[in-house]
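For reference, the structure discussed in these notes is given below.
Numbering (our numbering), first residue to last: 20 to 149.
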């Protein structure tokens, strides 16, 4: 599965809002772009070592996250958020650059995730979608 690149976008959020009912994080940036990122999408693309691994080829495919929610968001300095998911995961720091990249490339990253699930023989719950 492709992992979001760590790149400097230079973009800064102007507004961040957690929609608990729809399990979506809405992020608007200083260039006018706006992204609605599902909790599942954010969880399976967590930048934590638990998900990404400690080196190339060590990423762990996340399954069964269709119904995951975000309990709370915590600012980290002036550069990132820590997302506290209701499955207990909270170790990834989502930098502004990562959030922008996840939004900008959501279709490609999501399709790659779905392809990886299929290759692993896992089928998502059809009742939920990212």
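Cβ atoms here follow ideal geometry from the backbone N, Cα and C, with glycine treated the same way.
The beta strand (DSSP E) with residue i in it runs from where to where?
{"i": "residue 61", "result": "Counting along the chain, residue 61 falls outside any beta strand (DSSP E), though it belongs to the alpha helix (DSSP H) covering 58–63."}
Alpha carbons only, please: which of the options is nearest the one belonging to residue i?
{"i": "residue 81", "options": "28, 132, 57, 102", "result": "132"}
{"i": "residue 48", "options": "134, 116, 141, 125", "result": "116"}
{"i": "residue 32", "options": "41, 45, 135", "result": "45"}
{"i": "residue 27", "options": "144, 114, 139, 142", "result": "114"}
{"i": "residue 119", "options": "38, 79, 50", "result": "50"}
{"i": "residue 35", "options": "135, 77, 72, 122", "result": "122"}
{"i": "residue 84", "options": "112, 91, 105, 92", "result": "105"}
{"i": "residue 98", "options": "107, 39, 112", "result": "112"}
Check for me: the alpha helix (DSSP H) holding residue i runs from which residue to which?
{"i": "residue 130", "result": "125–138"}
{"i": "residue 69", "result": "68–71"}
Using the beta-carbon count (16 or more within 10 Å), is residue i buried or exposed?
{"i": "residue 95", "result": "exposed"}
{"i": "residue 148", "result": "Low per-residue confidence applies at residue 148: pLDDT is 49, beneath 50, and the placement is therefore not dependable, though the value from the model is reported in the following sentence. Answer is exposed; the Cβ neighbour count stays below 16."}
{"i": "residue 60", "result": "buried"}
{"i": "residue 75", "result": "exposed"}
{"i": "residue 42", "result": "buried"}
{"i": "residue 58", "result": "buried"}
{"i": "residue 89", "result": "buried"}
Determine which residues share a DSSP beta bridge with residue i and list them.
{"i": "residue 94", "result": "100"}
{"i": "residue 45", "result": "36, 55"}
{"i": "residue 89", "result": "104"}
{"i": "residue 112", "result": "101"}
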